[in-house]
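Residue numbers (this note's numbering), protein chains in the order written: chain L, 4 to 121; chain S, 10 to 122.
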Amino acid sequence: GAVVSQHPSRVICKSGTSVKIECRSLDFQATTMFWYRQFPKQSLMLMATSNEGSKATYEQGVEKDKFLINHASLTLSTLTVTSAHPEDSSFYICSARKGGSGTGNTIYFGEGSWLTVV
Amino acid sequence: GENVEQHPSTLSVQEGDSAVIKCTYSDSASNYFPWYKQELGKRPQLIIDIRSNVGEKKDQRIAVTLNKTAKHFSLHITETQPEDSAVYFCAASRSGGYQKVTFGTGTKLQVIP
Numbered sequence: 004g005a006v007v008s009q010h011p012s013r014v015i016c017k018s019g020t021s022v023k024i025e026c027r028s029l030d031f032q033a034t035t036m037f038w039y040r041q042f043p044k045q046s047l048m049l050m051a052t053s054n055e056g057s058k059a060t061y062e063q064g065v066e067k068d069k070f071l072i073n074h075a076s077l078t079l080s081t082l083t084v085t086s087a088h089p090e091d092s093s094f095y096i097c098s099a100r101k102g103g104s105g106t107g108n109t110i111y112f113g114e115g116s117w118l119t120v121v
Numbered sequence: 010g011e012n013v014e015q016h017p018s019t020l021s022v023q024e025g026d027s028a029v030i031k032c033t034y035s036d037s038a039s040n041y042f043p044w045y046k047q048e049l050g051k052r053p054q055l056i057i058d059i060r061s062n063v064g065e066k067k068d069q070r071i072a073v074t075l076n077k078t079a080k081h082f083s084l085h086i087t088e089t090q091p092e093d094s095a096v097y098f099c100a101a102s103r104s105g106g107y108q109k110v111t112f113g114t115g116t117k118l119q120v121i122p
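Structural data, given as structure tokens:
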């Protein structure tokens, strides 16, 4: 398999502040990483596709200025929730695609980050 | 874009029985179909996947079947155990680094001891 690490696992922040979540592929290079948001008892909602060295592609309805994504290297993507509000409280999870011949571009997930905005 | 539908949303089975979860997809160009198991508050774990050049794949108690013509695929779990209880997600994707993965809505499986 492959390892994707996400940090922090839990964070509490005050309303109006910004929070950064990191997603790292530890043992492979990921040209593409994905950021999801998951509400309780619901499926994974894709927020954006993060491409190394270029701008992220956001899904419809996701505010790019609020959810800043940076894919600075082949092993690191970050999601910054700016000016957080209580309604941004959620489980955020990243995934990375491991490419290469024969792998079928398998997706591996990070551990997820619980964000609570108070 | 791709649309993945998953049924049922909840499924309860007795320990030892089989469980079947079904998914349909809309994009005929999708050729990669993974299944994930997610326990509460944890990351989804890949349990099995199938590519479009294969009709069936099996790994111990888990099997997946794919019908490309009908655009549907299914997860089969045999001899279920309490530790199989979780939420299962199907997904569909085209090949290629930038292709996104579209997930189904999830099935909450409960295995009753």
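Just so you know, even glycine gets a beta-carbon here, dropped at the ideal spot from N, CA and C. Please read these numbers as outputs of a predicted model, since none were measured by experiment.
Quick one: does residue 63 of chain S have its CB under 8 Å from some CB of chain L?
Within the second sequence, residue 63 of chain S is the residue found at index 54, counting from 1. Answer no: the Cβ-Cβ gap between residue 63 of chain S and chain L never drops below 8 Å.
Could you tell me whether any Cβ in chain L is nearer than 8 Å to the Cβ of residue 82 of chain S?
Numbered from 1 along the second sequence, position 73 holds the residue referred to as residue 82 of chain S. No, its Cβ sits nowhere closer than 8 Å to a Cβ of chain L.
I'd like to know whether the C-beta atoms of residue 28 of chain L and residue 99 of chain L end up nearer to each other than 8 Å.
Position 25 of the first sequence, counted from the first residue, corresponds to residue 28 of chain L. Position 96 of the first sequence, counted from the first residue, corresponds to residue 99 of chain L. Going by C-beta atoms, residue 28 of chain L is nearer than 8 Å to residue 99 of chain L.
Got a sec: which bits of the region 38-52 of chain L sit with their beta carbon under 7 Å from any beta carbon on chain S, in order along the chain?
46, 47, 49, 52
Using the DSSP secondary-structure output, state which residues sit across from residue 54 of chain L in a beta bridge.
The sequence position of residue 54 of chain L within the first sequence is 51, counting from 1. For residue 54 of chain L, which the question treats as bridged, DSSP gives the partners L:35.
Of all Cβ atoms in chain S, is any one closer than 8 Å to the Cβ of residue 119 of chain L?
For the purposes of this step, residue 119 of chain L is taken as the residue at position 116 of the first sequence. Answer no: the Cβ-Cβ gap between residue 119 of chain L and chain S never drops below 8 Å.
So that I know if they touch, is there some Cβ in chain L lying closer than 8 Å to that of residue 58 of chain S?
Here residue 58 of chain S corresponds to residue number 49 of the second sequence, with the count starting at 1. The C-beta of residue 58 of chain S comes closer than 8 Å to at least one C-beta of chain L.
Closer than 8 Å, CB to CB, is residue 25 of chain S near chain L or not?
The sequence position of residue 25 of chain S within the second sequence is 16, counting from 1. It does not: the Cβ of residue 25 of chain S has no partner Cβ on chain L nearer than 8 Å.
Tell me whether residue 90 of chain L sits in a helix, a strand or coil according to DSSP, three-state version.
Stepping through the first sequence from its first residue, residue 90 of chain L is reached at position 87. Three-state result, residue 90 of chain L: helix.
Roughly how many whole angstroms lie between the Cα atoms of residue 24 of chain S and residue 17 of chain S?
Within the second sequence, the letter at position 15 stands for residue 24 of chain S. Within the second sequence, the letter at position 8 stands for residue 17 of chain S. Computed Cα separation, rounded: 18 Å.
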